[in-house]
Amino acid sequence: MKRLIVMALAMLASGCTTVVIDEYRRSSGELALGDSVVILGRRHSSEYETEPDLIDCVGKTLHNPKAGINIIPEQQFVNALYPWFEPRTAPMHIKSLDKLMDNPEVRDRMEKYGVKYIVWIDGSTETTDSAGSIGCSIGTAGAGCFGFGTWDKESDYEASVWDFRDQELSGKISADAQGTSYMPAIVVPIPLIARVQNNACKGMAAQLQEFLLPPQSASR
Amino acid sequence: MKCLLDGMTAPGKYFLIVLAVLVAGCSHTVRVDGEFPQPIGDAHPLTVGVYLSEDFQKFTYQENRDDRDEWNINTGRAQKNLFETVLGSMFKETINLNQYPTDLPGGVDLVIVPEVRELQFTMPRETRVNIFEVWIKYDMHAYDPQGEAVANWVITAYGKTPTAFLKSQEAALAQAINVALRDAGATLYTGFERVPELQALIANKQRALTMKEMETSE
Numbered sequence: 000m001k002r003l004i005v006m007a008l009a010m011l012a013s014g015c016t017t018v019v020i021d022e023y024r025r026s027s028g029e030l031a032l033g034d035s036v037v038i039l040g041r042r043h044s045s046e047y048e049t050e051p052d053l054i055d056c057v058g059k060t061l062h063n064p065k066a067g068i069n070i071i072p073e074q075q076f077v078n079a080l081y082p083w084f085e086p087r088t089a090p091m092h093i094k095s096l097d098k099l100m101d102n103p104e105v106r107d108r109m110e111k112y113g114v115k116y117i118v119w120i121d122g123s124t125e126t127t128d129s130a131g132s133i134g135c136s137i138g139t140a141g142a143g144c145f146g147f148g149t150w151d152k153e154s155d156y157e158a159s160v161w162d163f164r165d166q167e168l169s170g171k172i173s174a175d176a177q178g179t180s181y182m183p184a185i186v187v188p189i190p191l192i193a194r195v196q197n198n199a200c201k202g203m204a205a206q207l208q209e210f211l212l213p214p215q216s217a218s219r
Numbered sequence: 000m001k002c003l004l005d006g007m008t009a010p011g012k013y014f015l016i017v018l019a020v021l022v023a024g025c026s027h028t029v030r031v032d033g034e035f036p037q038p039i040g041d042a043h044p045l046t047v048g049v050y051l052s053e054d055f056q057k058f059t060y061q062e063n064r065d066d067r068d069e070w071n072i073n074t075g076r077a078q079k080n081l082f083e084t085v086l087g088s089m090f091k092e093t094i095n096l097n098q099y100p101t102d103l104p105g106g107v108d109l110v111i112v113p114e115v116r117e118l119q120f121t122m123p124r125e126t127r128v129n130i131f132e133v134w135i136k137y138d139m140h141a142y143d144p145q146g147e148a149v150a151n152w153v154i155t156a157y158g159k160t161p162t163a164f165l166k167s168q169e170a171a172l173a174q175a176i177n178v179a180l181r182d183a184g185a186t187l188y189t190g191f192e193r194v195p196e197l198q199a200l201i202a203n204k205q206r207a208l209t210m211k212e213m214e215t216s217e
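Listed in order, the protein sequences are those of chains F and P. Here the first sequence stands for residues 0 to 219, where the numbers follow numbering that gives the first Met the number 0. Here the second sequence stands for residues 0 to 217, where the numbers follow numbering that gives the first Met the number 0.
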């Protein structure tokens, strides 16, 4: 009974989120034993920043060596290949990889890591609208907050999957998520947070897993 | 100070303490202590002396404008680490010089002396964009062993970091500066060969080495 109450409270204490995932596939995933995938965030735009914690979330959700998906953490990869995957120097198109591979040390290190796929994630989560107000006061009788606040968040991400060995674009996955959070305050503020970025991460990771490990290879 | 406080009434003392707390609250200190990875790639066939002046190693950007809080941003240690790491991987041999132009060791082809020209930053509430941004500009000077200028070029670096829940302004700014320093290292590494005078110097050195190899093989 207690467990049910806790679950019901947890469900109530989070706002609603909708996630839409689209996929464009040019070739099926073919990860062999020892192959690795690297997930990187695009950071070249001056107007937004693909959040490092989203990249971390997708990587951690996808990482499953038993199922054949080995993810190299973003920072580890970027440090190992410094300065070739910095925002200013990172290849923007798959054709630019050719030039990068002319550098024997870069090529050696990529081979050492067993990189098969490079997944570039571009996008961000933003607060698009907010309304309401909450006022808090402290008096001799005590302290309390009253009011109601609400805000909308929107995530828009696109993941491009590059087949590093075949030097081709394997496909693209886009994730659009929207959610509204609420904060009623009757003496104590009660946040009902919509986990928009987290749901976009989970949706994208699930789709990427299907992409990289098609059902027949996942059931092996 | 003690005499001043002794001569004051109790409300006066309280006022002074509150004022001190308020003034301290508007002053921010950031110390950036970045560690940077070694670049990978071919080393240029040069022996290079690197002179990082004391001003450079202890560089602190101070800003005290009417429309902004007071900021003291120390990037000296981090930029010393960066330039030593990046320049240390760029050439066949790199010698860190404690003084320049005196006591220059023999066999040095080039001496590189960086200087900070300017540092700028913006906060999210100023730009209404949800990121902290930093720009750093370095003046790079290259001299031959006789102290004659070989080349002067500029490195501009940009770094940004998104605002994060429960992260202080100081921590976010330090993170953006580290990103900018990484960018400076990347520009220094990839842009060195694009400076015409340095390109010619590397080509001449490469030619001389090839000639020498041919002579020894004959």
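Using N, Cα and C, we set each Cβ at its ideal position, and we do this for glycine too.
Practice problem: Leaving aside the five residues before and after A156/P along the sequence, list all residues of the same chain whose C-beta is less than 6 Å from its C-beta, in chain order. | Solution: I135, A179, D182 and A183
Quiz item: Should A185/P be flagged as near chain F, meaning a C-beta pair shorter than 8 Å?
Solution: yes
Exercise. With distances taken Cα to Cα, identify the nearest neighbour of G14/F among E22/F, I68/F and D151/F.
Key: D151/F
Exercise. Leaving out five residues on either side along the sequence, give the residues of the same chain with a beta carbon under 6 Å from the beta carbon of H62/F.
Key: I70
Quiz item: Using a C-beta cutoff of 8 Å, does D54/P count as contacting chain F?
Solution: no
Quiz prompt | Proximity test, R116/P beta-carbon vs the ligand NAP heavy atom, cut-off 7 Å | solution = The ligand NAP is not part of this structure, which contains no ligands at all.
Quiz item: Could you give the residue range of the alpha helix (DSSP H) that holds V178/P?
Solution: Q168 to G190
Quiz item: Below 8 Å between beta carbons: does that hold for T179/F and S154/F?
Solution: no
Exercise. Closer than 6 Å by C-beta to E92/P: which residues in its own chain qualify, once you throw out the five before and the five after it? Chain order, please.
Key: T46
Self-check item: Contact residues within the segment 80-110 of chain P, judged by C-beta distance below 9 Å to chain F
Solution: V85
Quiz item: Taking any Cβ of chain F, which residues in the segment 28-53 of chain P have a Cβ under 8 Å from it, in chain order?
Solution: F35, P36, Q37, P38, I39, G40 and D41
Quiz item: Pick from R206/P, K166/P and E114/P: whose alpha carbon is nearest that of T74/P?
Solution: E114/P
Exercise. Output the boundary residues of the beta strand (DSSP E) element that contains T46/P.
Key: H43 to Y50
Practice problem: List the DSSP bridge partners of Y181/F. | Solution: T149/F and L191/F
Quiz item: What span of residues does the alpha helix (DSSP H) with S88/P cover, start to end?
Solution: G75 to M89
Quiz item: Using a beta-carbon distance below 8 Å, is I135/P in contact with chain F?
Solution: no
Exercise. Would you list the one or two residues that DSSP bridges to P113/P?
Key: M139/P
Quiz prompt | Beta-carbon proximity check, T149/F vs G131/F, cutoff 8 Å | solution = yes
Quiz item: Which of the residues in the segment 125-146 of chain F, read from start to end, lie with their CB under 9 Å from any CB of chain P?
Solution: E125 and T126
Practice problem: Could you confirm whether any beta carbon from chain F is found closer than 8 Å to the beta carbon of N129/P? | Solution: yes
Self-check item: Contact set between T189/P and chain F, taken where Cβ atoms lie within less than 7 Å
Solution: P82 and T88
Quiz item: Shortest alpha-carbon distance to D175/F belongs to which of N198/F, L191/F and V187/F?
Solution: N198/F
Self-check item: Members of the segment 102-118 of chain F that neighbour chain P once the beta carbon cut-off is set at 7 Å
Solution: N102, E104, V105 and R108
Self-check item: Distance between E147/P and L51/P (C-alpha atoms, nearest Å)
Solution: 18 Å
Self-check item: Which residues DSSP lists as bridging Q119/P, in chain order
Solution: W134/P
Quiz prompt | Own chain partners of P86/F with C-beta closer than 6 Å, once the 5 adjacent residues on each side are dropped | solution = R42 and H43
Self-check item: Neighbour list for R181/P in chain F, Cβ cutoff strictly below 7 Å
Solution: E85
Quiz prompt | Contacts of K166/P in chain F (Cβ-Cβ under 9 Å) | solution = Chain F residues near K166/P: none, gap ~11 Å exceeds 9 Å.
Exercise. May I ask you to list the residues that DSSP assigns as paired with C135/F?
Key: C144/F
Exercise. Might you give, ordered along the chain, the residues of its own chain that have their beta carbon closer than 7 Å to the beta carbon of L197/P, omitting 5 neighbours on each side?
Key: A141, A150 and F191
Quiz item: When DSSP labels each residue in this structure, what does S218/F get in the three-state scheme?
Solution: With a pLDDT of only 48 at S218/F, under the threshold of 50, the placement of this residue in the model should not be trusted; the figure read from the coordinates follows. Coil, per DSSP.
Quiz prompt | Exposed unless 16 or more other CB atoms sit within 10 angstroms - verdict on P64/F | solution = exposed
Exercise. Measure the beta-carbon distance from P144/P to V107/P and round it to whole angstroms, keeping in mind my assumption that it falls under 8 Å.
Key: 5 Å
Exercise. Round the Cβ separation of L211/F and V36/F to the nearest angstrom and send it over; I've been treating them as touching at under 8 Å.
Key: 6 Å
Exercise. In angstroms with no decimal places, state the Cα-to-Cα distance between L191/F and V19/F.
Key: 22 Å
Practice problem: Can you pull the chain F residues whose beta carbon is under 7 Å from the beta carbon of P161/P, in chain order? | Solution: E48 and E50
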